[in-house]
Amino acid sequence: MNGQARMEREVRAILDGAQGAVPPEIHPEAVRRGGRMLRRRRVLRRLTWLALCLALTAFFVWVLLARPWVEPPSKTTPPLTGW
Amino acid sequence: MRERRASQDARRAREFEAFVAGAAGRLLHAATLLTTEPPDDNPRARKLITAALARTYASWDRLRGEDPYDRARQELALRFARAAWHQHRGYGGVLRHLGPQERLILVLRLYEGVGEEQVSALLGLPMERVRTIHARAVALVLHPPRGPAPAAALERVPS
Chain L
14 MNGQARMERE VRAILDGAQG AVPPEIHPEA VRRGGRMLRR RRVLRRLTWL ALCLALTAFF
74 VWVLLARPWV EPPSKTTPPL TGW
Chain E
-10 MRERRASQDA RRAREFEAFV AGAAGRLLHA ATLLTTEPPD DNPRARKLIT AALARTYASW
50 DRLRGEDPYD RARQELALRF ARAAWHQHRG YGGVLRHLGP QERLILVLRL YEGVGEEQVS
110 ALLGLPMERV RTIHARAVAL VLHPPRGPAP AAALERVPS
């Protein structure tokens, strides 16, 4: 067995030493904070969708009013020649 | 919609409770090794695992078959990596002579049994560097410098 592996085994034994008890408040606290993150994310997602829908509606209203596909009336007069 | 969410919440709560009951002890021990606190007085380690577990809870519905323990360990490691650069000195415990990065790599490799490649990917370090730091950490645990952690060892801050 090589030296590095033996050393690693010794260190592993040291690390595996005595384990303290898990305090009971860790679970409810994690659920409370994790739940808050979830709710925040949910609100953020809804707001994003809302903004997207509003932008889309505004765009369609503008399209219907401005009709950008219609060629605008010519602003320059053609040169008047030969009269 | 409301009903589906309620049942999803109930399922998540149930699964998460079982997960914490099984995993919290091991995670807390790993966190306590990282912070070098004594096992019966480890407020920093508790804060670390509470935060890691909260994030795991928040991503529970999107794990899609991924092991929640892997996720929690990853959250723990990254949170420690982000916070630890400010705090160099170990408090006590078996890893007090090691710098934060040495502790993190040693705990991931030997206590958690994470492969060299995954550690390198997780921390964004080249494999060669992970191997070097790991070897140095192993040597430091087995042959600690005499006396209290010397200043020179504490200055060896990870880049």
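Chains as they are written, first to last, in the numbering used here: chain L, 14 to 96; chain E, -10 to 148. Note that the Cβ used here is the ideal one computed from N, Cα and C, for glycine as well. Computed from a predicted model, the values in this text were never measured in an experiment.
Identify the continuous alpha helix (DSSP H) that holds residue i and give its terminal residues.
i, result
"L/Gly47", "Ile39 to Ala79"
"E/Arg125", "Met116 to Leu131"
"E/Glu217", "With chain E running from -10 to 148 in the structure shown, residue 217 of chain E is simply not present."
"E/Phe48", "For the record, residue 48 of chain E in the displayed sequence is Ser; it is not Phe. Run containing E/Ser48: none; DSSP gives neither H nor E here."
"E/Pro57", "Pro57 to Ala73"
"L/Gly16", "Gly16 to Leu28"
"E/Pro89", "Pro89 to Leu95"
"E/Ser109", "Glu105 to Leu112"
Do residue j and residue i have their beta-carbon atoms positioned less than 8 Å apart in this structure?
i, j, result
"E/Ser48", "E/Arg62", "no"
"E/Ala25", "E/Gly81", "The sequence given here has Thr at residue 25 of chain E, not Ala. Result yes, Cβ atoms of E/Thr25 and E/Gly81 sit closer than 8 Å."
"E/Tyr100", "E/Ala19", "yes"
"E/Arg118", "L/Gly47", "no"
"E/His86", "E/Pro28", "no"
"E/Arg93", "E/Leu23", "A quick correction: the sequence has Leu, not Arg, at residue 93 of chain E. Going by C-beta atoms, E/Leu93 is nearer than 8 Å to E/Leu23."
"E/Leu16", "L/Gly33", "no"
Could you tell me how far apart the beta carbons of residue i and residue j are, in whole angstroms, since I believe they sit closer than 8 Å?
i, j, result
"E/Ala126", "E/Leu95", "4 Å"
"E/Ala66", "E/Leu129", "At roughly 20 Å, the Cβ-Cβ gap does not stay under 8 Å, so E/Ala66 and E/Leu129 are not in contact."
Following a CB-centred definition, is residue i positioned closer than 7 Å to any heavy atom of the ligand PLP?
i, result
"E/Ala(-1)", "The ligand PLP is not part of the structure shown, which contains no ligands of any sort."
- Task: Identify each residue in the region 25 to 46 of chain L for which the Cβ-Cβ distance to at least one residue of chain E is less than 9 Å, and report them in chain order.
- Result: Those would be Arg25, Ile27, Leu28, Asp29, Gly30, Ala31, Gln32, Gly33, Ala34, Val35, Pro36, Glu38, Ile39, His40, Glu42, Ala43, Val44, Arg45 and Arg46, in chain order.
- Along the region -2 to 9 of chain E, what residues have a CB closer than 8 Å to any CB found in chain L? Ala2, Phe5, Glu6 and Val9
- Message: Closer than 9 Å between beta carbons: that is the criterion. Which residues of the region 21 to 33 of chain E meet it against chain L?
- Response: Cβ contacts with chain L come from Thr21, Leu22, Pro27, Pro28, Asp29, Asp30 and Asn31.
- Selection of the region 54 to 69 of chain E by Cβ proximity to chain L, strictly under 7 Å: Taken residue by residue, none of the region 54 to 69 of chain E has a beta-carbon sitting less than 7 Å from a beta-carbon on chain L.
- Message: Please identify, using Cβ separations under 7 Å, the residues of the region 79 to 92 of chain E that lie next to chain L, in order along the chain.
- Response: Residues Val83.
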